[in-house]
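Q: Taken in sequence, the protein lines are chains A and B. Residue numbers for the first sequence, in this note's numbering: 163 to 312. Residue numbers for the second sequence, in this note's numbering: 163 to 312. Glycine included, C-beta positions come from ideal geometry on N, C-alpha and C. These numbers come from a predicted model, not from an experiment.
Number of protein chains: 2
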Amino acid sequence: MPGGARGTAQPKQARAGRGRLPPDMRRTSQRRAILQALDEAPGPLTPHQVLERAGAIQDGLGLATVYRNLAALEEAGEIVAVHLPNETRRYEPAGRGHHHHFRCDRCEGVFELATTCPVAVLEGVTLPGGFEVRGHALTLYGLCPDCRSG
Amino acid sequence: MPGGARGTAQPKQARAGRGRLPPDMRRTSQRRAILQALDEAPGPLTPHQVLERAGAIQDGLGLATVYRNLAALEEAGEIVAVHLPNETRRYEPAGRGHHHHFRCDRCEGVFELATTCPVAVLEGVTLPGGFEVRGHALTLYGLCPDCRSG
DNA sequence: AAGCTGTTGAGAACGACGTCTCATTCTCAG
DNA sequence: CTGAGAATGAGACGTCGTTCTCAACAGCTT
Numbered sequence: 163m164p165g166g167a168r169g170t171a172q173p174k175q176a177r178a179g180r181g182r183l184p185p186d187m188r189r190t191s192q193r194r195a196i197l198q199a200l201d202e203a204p205g206p207l208t209p210h211q212v213l214e215r216a217g218a219i220q221d222g223l224g225l226a227t228v229y230r231n232l233a234a235l236e237e238a239g240e241i242v243a244v245h246l247p248n249e250t251r252r253y254e255p256a257g258r259g260h261h262h263h264f265r266c267d268r269c270e271g272v273f274e275l276a277t278t279c280p281v282a283v284l285e286g287v288t289l290p291g292g293f294e295v296r297g298h299a300l301t302l303y304g305l306c307p308d309c310r311s312g
Numbered sequence: 163m164p165g166g167a168r169g170t171a172q173p174k175q176a177r178a179g180r181g182r183l184p185p186d187m188r189r190t191s192q193r194r195a196i197l198q199a200l201d202e203a204p205g206p207l208t209p210h211q212v213l214e215r216a217g218a219i220q221d222g223l224g225l226a227t228v229y230r231n232l233a234a235l236e237e238a239g240e241i242v243a244v245h246l247p248n249e250t251r252r253y254e255p256a257g258r259g260h261h262h263h264f265r266c267d268r269c270e271g272v273f274e275l276a277t278t279c280p281v282a283v284l285e286g287v288t289l290p291g292g293f294e295v296r297g298h299a300l301t302l303y304g305l306c307p308d309c310r311s312g
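#1: What's the C-alpha gap between B/Glu270 and B/Thr208?
#2: Determine which residues share a DSSP beta bridge with A/Ala299 and list them.
#3: So what's A/Pro255 in DSSP terms, helix, strand or just coil?
#4: With a threshold of 8 Å on Cβ separation, who are the neighbours of B/Leu305 within its own chain once the five nearest residues in sequence on each side are excluded?
#5: Going straight from the alpha carbon of B/Leu302 to that of B/Leu235, what length do you get?
#6: Using a beta-carbon distance below 9 Å, is B/Pro290 in contact with chain A?
#7: Where does A/Ala243 sit, in a helix, a strand or coil, going by DSSP?
#8: Contact between the stretch 236 to 243 of chain A and the stretch 217 to 224 of chain A: three or more CB pairs below 8 Å?
#9: Using a Cβ-Cβ cut-off of 9 Å, state whether A/His298 counts as contacting chain B.
#10: Would you verify that the beta carbon of B/Ala276 is, or is not, closer than 9 Å to some beta carbon of chain A?
#11: Quick check on B/Cys309: does DSSP put it in helix, strand or coil?
#12: By Cβ distance below 6 Å, which residues in the same chain neighbour A/Thr288 in space, the five residues on each side in sequence not counted?
#13: Kindly give me the distance between the Cβ atoms of B/His298 and B/Leu284, rounded to whole angstroms, as I take these residues to be in contact under 8 Å.
#14: Compute the Euclidean distance between the alpha carbons of A/Gly169 and A/Leu197, then round it to the nearest angstrom.
#15: For A/Arg258 and A/Val272, which I take to be in contact (beta-carbon distance under 8 Å), what is that distance rounded to the nearest angstrom?
#16: Determine the closest residue to A/Ala282 out of A/Gly291, A/His260, A/Pro290 and A/Glu274, with distance taken between C-alpha atoms.
#17: Please compile the residues from chain B whose C-beta is within a distance smaller than 7 Å of the C-beta of A/Glu294.
#18: Counting only Cβ-Cβ distances shorter than 7 Å, please list the residues of the stretch 195 to 206 of chain B near chain A, keeping chain order.
#19: Quick one: what does DSSP say A/Val283 is sitting in, helix, strand or coil?
#20: Mind listing the chain A neighbours of B/Pro280? Cutoff is C-beta to C-beta under 7 Å, in chain order.
#21: In its own chain, which residues sit with a C-beta less than 8 Å from the C-beta of B/Arg245, not counting the 5 before and 5 after it?
#22: Are the C-beta atoms of B/Arg188 and some chain A residue less than 9 Å apart?
#23: Can you check DSSP and say which residues form a bridge with A/Thr278?
#24: What first and last residue would you give for the beta strand (DSSP E) that runs through A/Arg265?
#25: From the DSSP output, read off the bridge partner residues of A/Val272.
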């Protein structure tokens, strides 16, 4: 899915504060709460974590709404799905560039890492055996700062 | 459940051909078929794949039996579970040393790689931010030899 | 050979996760 | 302000991987 027909000169009075949501996606308080929750998180969140955090912002938020919005926002390119081994799907805001995640063995929290990717050298390479590498998924495990000092 | 009272001098005549299964684990044809299927596979298998392959060796094999044996064999240390992002649990024989897996985007098959681990340098390191690395999971994606030529 | 007991197959049952329905509410262009 | 239709909440429902149940079977020891 390429960039899309951006800049086709259709002014349409872009309202202030609006992200870059698709034409008929309304700015509901629930949707904003969900995006805010994802923005403020230290790492990708599961749907239930989104419900918890966004529910604290927007009271009465329902799980179905969370699922619907996560799907819609992913479709719209606002957020991306993150899959970790043996975990349910998580989501984080899109546009944060290539990075990997760290999962704490103790608190089970997942964090976004700023560390340079040690696997980049393999991109595009064809490994002995004939495996053509086009992508990779790396997750680091261990103790997060909090659990290390706690 | 710790190791138990091992080595209490109870020779018990270890029969030939027997792997190193625990005392009261019987060598049923089903169990052997499952181990054989895992041994001959190019990579870790899901329970259903085990059923397919082992079922071709031992006719009438049931899914419950596969699950029971995978759990028992893992417990016994004969096989290990392999978790890939967004996939159901897979199993492969134990004792193959540190390695990673390749998943084909086309045929969705998973293969064991012999390539040297590019992430080993991070083991034991504490990353900026205070994340203490104790382990990692790496999966490469792309095209397998078959799908590349096909 | 015989018996003890671990093991099996088939299908029901389960739990986690996610989707659907529908009456109601809310956003936003006109 | 108002109407059209997108969005919501609550819960029923569906899916899928896995476990349980139980009568029959089959390793293994004696």
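A: Looking at the coordinates:
#1: 12 Å
#2: B/Thr301
#3: strand
#4: Cys266, Asp267 and Arg268
#5: 27 Å
#6: yes
#7: strand
#8: no
#9: yes
#10: yes
#11: helix
#12: Glu294
#13: 7 Å
#14: In this predicted model, A/Gly169 has a pLDDT of only 33, less than 50, meaning its place in the structure is not dependable; the value taken from the coordinates is given anyway. Rounded to the nearest angstrom, the two C-alpha atoms are 24 Å apart.
#15: Actually they are not in contact, since the Cβ atoms of A/Arg258 and A/Val272 sit about 14 Å apart, beyond 8 Å.
#16: A/His260
#17: Gly304, Leu305 and Arg310
#18: none
#19: helix
#20: Pro280, Val281, Val283 and Leu284
#21: The sequence shown places His at residue 245 of chain B, not Arg. Arg251, Arg252 and Ala299, listed in sequence order.
#22: no
#23: DSSP, once it has assigned bridges, lists no residue as partnering A/Thr278.
#24: His263 to Cys266
#25: A/Arg265
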